[in-house]
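*Asks:*
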Amino acid sequence: MNPIREVQIRAFSKEYKVQIHPDFRGLGETIKRFYPVSSIFILTERKLSGLFSKFYESELSGLGIPHHEIYIKGGEKNKHILRTAEVYNKLIELGADRKSLILALGGGVVGDFAGFIASTFQRGIRFAQIPTTLLASVDSSVGGKVAVNADLGKNMIGSFYQPEFVYLPLIALSTLPKREWRCGMAEIVKHGLLSGGEYLEKVRSNDKSVYDHTSPELLELIVGSILYKANIVSQDERETGLRKVLNLGHTTAHAIESLTNYRRYSHGEAVSIGLLTAIILSAEKQGLDIAWIEALKKILKAYDLPYHDKSKSTQVAKHTLHDKKNVGNSVRFVLLQSPGNPIWDIPIELEEIASAFRKQKKMD
Numbered sequence: 001m002n003p004i005r006e007v008q009i010r011a012f013s014k015e016y017k018v019q020i021h022p023d024f025r026g027l028g029e030t031i032k033r034f035y036p037v038s039s040i041f042i043l044t045e046r047k048l049s050g051l052f053s054k055f056y057e058s059e060l061s062g063l064g065i066p067h068h069e070i071y072i073k074g075g076e077k078n079k080h081i082l083r084t085a086e087v088y089n090k091l092i093e094l095g096a097d098r099k100s101l102i103l104a105l106g107g108g109v110v111g112d113f114a115g116f117i118a119s120t121f122q123r124g125i126r127f128a129q130i131p132t133t134l135l136a137s138v139d140s141s142v143g144g145k146v147a148v149n150a151d152l153g154k155n156m157i158g159s160f161y162q163p164e165f166v167y168l169p170l171i172a173l174s175t176l177p178k179r180e181w182r183c184g185m186a187e188i189v190k191h192g193l194l195s196g197g198e199y200l201e202k203v204r205s206n207d208k209s210v211y212d213h214t215s216p217e218l219l220e221l222i223v224g225s226i227l228y229k230a231n232i233v234s235q236d237e238r239e240t241g242l243r244k245v246l247n248l249g250h251t252t253a254h255a256i257e258s259l260t261n262y263r264r265y266s267h268g269e270a271v272s273i274g275l276l277t278a279i280i281l282s283a284e285k286q287g288l289d290i291a292w293i294e295a296l297k298k299i300l301k302a303y304d305l306p307y308h309d310k311s312k313s314t315q316v317a318k319h320t321l322h323d324k325k326n327v328g329n330s331v332r333f334v335l336l337q338s339p340g341n342p343i344w345d346i347p348i349e350l351e352e353i354a355s356a357f358r359k360q361k362k363m364d
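Under full-length UniProt numbering, read the sequence shown as residues 1 to 364, first letter to last.
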């Protein structure tokens with residue numbers, strides 16, 4: 001089955017396509033384009049296998065290639081370097097080789113973890129992303145960032161490793177709880193702020209009614225988000241400059257996640273809060289129209305996204321010191337001069353971060 005939409009990713013190291021399909025029919029034909037494949041390993045959560053294996057099993061069985069499922073635990077706390085050894089050993093036991101293909105079927109945690117495994121097993125074997133969440137569909141499955149966490153920081157151990165393809169089955173979104181919809185929408189809002197113009201207006205003109213996998217408006221938001229990220233990745237695959245703008249909202253988000261031990265918020269919810277921190281700082285430090293503070297709050301509320309947190313402002317600020325974008329002891333933020341005009345590597349003092357976060361806490 002042909003995809004209903006397709007986006008070409010032109011990274012320096014590899015070109016590949018993001019294929020958007022209604023369901024899993026077409027996965028087998030997609031894999032055939034990458035022959036020879038000696039074996040296939042589906043890295044996924046056990047619960048996701050229960051939901052989707054009946055759909056993809058027939059596609060894989062029809063290929064006549066040995067395929068195996070390897071279950072990994074979801075949740076950010078399980079995306080840890082100490083969890084990798086058991087997966088490496090399982091791949092060895094099952095006979096994985098340089099012509100094997102890993103399918104990362106799941107959300108961002110599964111995609112990051114499986115991609116890291118693929119990038120390091122036998123010095124790198126092929127893999128593909130099959131995102132099953134909105135967040136992974138518009139963000140982590142595209143661009144080639146793969147990583148695992150260390151005790152003192154998120155995504156501290158990783159690489160840039162592009163997939164062979166991204167296969168996005170919209171039917172998978174029908175299984176998402178509302179919280180997972182919100183997570184993905186936070187990244188779509190982020191891309192809207194970064195791109196500005198027509199795409200930002202699409203983001204502003206919709207609301208939580210798009211939380212439906214059959215929604216034409218949702219499809220347009222997904223495609224627009226992927227197109228924006230594809231454009232950035234094509235110019236700066238390794239995040240030496242421009243790609244850093246994709247970290248808008250993430251400095252505060254990672255601090256909140258770490259401070260709350262990854263339990264209070266999902267990644268997307270933390271990004272939502274971090275976006276407002278960044279917009280407040282943008283108004284104070286870069287001359288962004290102050291009206292955008294209230295405008296962003298309105299957008300976030302329309303999608304049922306959080307925009308403040310009860311954590312101590314000074315503690316949040318302190319935890320930003322662990323961010324991988326920092327240089328020495330200087331905390332670096334992505335800010336906006338205006339929608340569509342981001343600027344990166346802006347040094348921000350801890351007290352300025354704490355002050356912005358306190359202002360958020362007072363917003364109702």
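The beta-carbon is built from N, C-alpha and C at its ideal position, and this holds for glycine as well.
Nothing here was measured: the structure is a model prediction, and the numbers come from that model.
1) Looking only at C-alpha atoms, which of ALA96, SER53, THR252 sits nearest to GLU45?
2) Among residues of its own chain, excluding the 5 on either side of GLU76, which ones have a beta-carbon nearer than 8 Å to its beta-carbon?
3) Is the beta carbon of PHE113 sitting closer than 9 Å to the one on VAL87?
4) Report all residues from its chain with a CB closer than 7 Å to the CB of GLN162; omit the five preceding and five following residues, and keep chain order.
5) Taking 9 Å as the cut-off, decide whether the C-beta atoms of GLN129 and GLY158 are in contact.
6) Threshold first: 4 residues or longer. Then list the alpha helix (DSSP H) segments lying entirely within the region 159-229, N to C.
7) To the nearest angstrom, report how far apart ASP207 and ARG33 are at their CA atoms.
8) Can you check which of these residues, GLU59, PHE121, ILE72, ALA85, is closest to ALA96 by C-alpha distance?
9) Leaving aside the five residues before and after HIS213 along the sequence, list all residues of the same chain whose C-beta is less than 6 Å from its C-beta, in chain order.
10) Report back the beta-carbon spacing between LEU276 and LYS297 to the nearest angstrom; my notes put them in contact at under 8 Å.
11) What residue range does the alpha helix (DSSP H) around HIS254 cover?
12) Buried or exposed: PRO342, going by 16 or more other Cβ atoms within 10 Å of its Cβ?
13) Can you give me the Cβ contacts of ILE92 inside the same chain, cut-off strictly under 6 Å, excluding the 5 residues immediately before and after it?
14) Could you say which of ALA356, LEU221, ALA302, VAL142 lies nearest to THR252 if we only look at CA atoms?
15) Would you identify the three-state DSSP class for THR320, choosing helix, strand or coil?
16) Check each candidate in GLY196, ILE9, VAL146 and name the one with the smallest Cα separation from PHE165.
17) How is the alpha helix (DSSP H) around SER282 delimited, first residue to last?
18) Looking at the strands, I want to know which residues DSSP matches up with THR240.
19) At 4 residues or longer, what runs of the alpha helix (DSSP H) sit wholly inside the region 100-125?
20) Would SER141 and ALA104 be called neighbours here (beta carbons separated by less than 9 Å)?
21) Give the list of continuous beta strand (DSSP E) stretches no shorter than 3 residues that lie fully inside the region 55-104.
22) Is ASN149 helix, strand or coil when you go by DSSP?
23) Apart from the five residues just before and just after ILE188, which ones in its own chain have a Cβ nearer than 7 Å to its Cβ?
24) Taking the Cβ atom as the reference point for each residue, do LEU305 and SER282 lie within a distance shorter than 9 Å?
25) Could you give the C-beta distance for TYR211 and LYS190, rounded to a whole number, given that I count them as a contact under 8 Å?
26) Where does GLY241 land, buried or exposed, given buried means 16+ other C-beta within 10 angstroms?
*Replies:* From the atom records:
1) Mapped onto the sequence shown, residue 45 falls at position 45. Measuring from the Cα of GLU45, the nearest candidate turns out to be SER53.
2) Here residue 76 is taken as the residue at index 76 of the sequence shown, counted from 1. Only VAL109, ASN149, LYS154, GLU257, TYR262, HIS267 meet the Cβ criterion.
3) As a working mapping, residue 113 is identified with position 113 in the sequence shown. As a working mapping, residue 87 is identified with position 87 in the sequence shown. When the beta-carbon positions are compared, PHE113 and VAL87 come within less than 9 Å of each other.
4) As a position in the sequence shown, residue 162 is number 162, starting the count at 1. Excluding residues within five positions, the ones whose Cβ falls inside 7 Å are ALA11, SER13, LYS14, TYR16, GLY144.
5) In the sequence shown, counting from the first residue as 1, residue 129 sits at position 129. In the sequence shown, counting from the first residue as 1, residue 158 sits at position 158. No. Outside cutoff.
6) Scanning the region 159-229 for uninterrupted alpha helix (DSSP H) segments of 4 residues or longer gives 178-195, 197-205, listed from N- to C-terminal end.
7) By 1-based counting over the sequence shown, the position of residue 207 is 207. By 1-based counting over the sequence shown, the position of residue 33 is 33. For the pair ASP207 and ARG33, the Cα-to-Cα distance works out to about 38 Å.
8) Counting from 1 along the sequence shown, the entry for residue 96 is found at position 96. That would be PHE121, whose Cα lies nearest to the Cα of ALA96.
9) On the sequence shown, position 213 is the one that residue 213 refers to. Once the five neighbours on either side are set aside, the close Cβ partners of HIS213 are LEU170, LEU173, SER174.
10) Residue numbering aside, residue 276 sits at position 276 when the sequence shown is read from its first letter. Residue numbering aside, residue 297 sits at position 297 when the sequence shown is read from its first letter. LYS297 and LEU276 do touch by the CB rule: their CB atoms are close to 7 Å apart, below 8 Å.
11) One-based indexing of the sequence shown puts residue 254 at position 254. Start and end: 250-259.
12) Against the sequence shown, residue 342 aligns to sequence position 342. Looking at its Cβ environment, which holds 16 or more other Cβ atoms inside 10 Å, PRO342 is buried.
13) Taking the first residue of the sequence shown as 1, we reach residue 92 at position 92. Counting only Cβ-Cβ distances below 6 Å, and skipping sequence neighbours, we find nothing.
14) Counting from one through the sequence shown, the residue named residue 252 turns up at place 252. If we check each option's Cα against that of THR252, ALA356 comes out closest.
15) Stepping through the sequence shown from its first residue, residue 320 is reached at position 320. Here THR320 sits in helix by DSSP.
16) Here residue 165 is taken as the residue at index 165 of the sequence shown, counted from 1. Of GLY196, ILE9, VAL146, the residue nearest in Cα terms is ILE9.
17) On the sequence shown, position 282 is the one that residue 282 refers to. Going by DSSP, SER282 is part of the alpha helix (DSSP H) stretching over 267-285.
18) Counting from 1 along the sequence shown, the entry for residue 240 is found at position 240. Per DSSP, none; premise fails for THR240.
19) For the region 100-125, whole alpha helix (DSSP H) runs of length 4 or above, ordered along the chain, are 108-120.
20) Within the sequence shown, the letter at position 141 stands for residue 141. Within the sequence shown, the letter at position 104 stands for residue 104. The Cβ-Cβ distance between SER141 and ALA104 falls below 9 Å.
21) With a minimum length of 3 residues, the continuous beta strand (DSSP E) runs that stay inside the region 55-104 are 67-71.
22) Taking the first residue of the sequence shown as position 1, residue 149 is located at position 149. Strand.
23) Indexing the sequence shown from 1 puts residue 188 at position 188. Result list for ILE188: VAL138, VAL203, LEU221, SER225, in chain order.
24) By one-based count along the sequence shown, residue 305 stands at place 305. By one-based count along the sequence shown, residue 282 stands at place 282. Between LEU305 and SER282, the gap from beta carbon to beta carbon reaches 9 Å or more.
25) What you label residue 211 is simply residue 211 of the sequence shown in a count that begins at 1. What you label residue 190 is simply residue 190 of the sequence shown in a count that begins at 1. Going by Cβ atoms, the distance from TYR211 to LYS190 rounds to 17 Å, so no, they are not a contact pair.
26) Taking the sequence shown and counting its residues from 1, the one referred to as residue 241 is at position 241. With fewer than 16 other CB atoms across the displayed protein chains lying within 10 angstroms of its CB, GLY241 is exposed.
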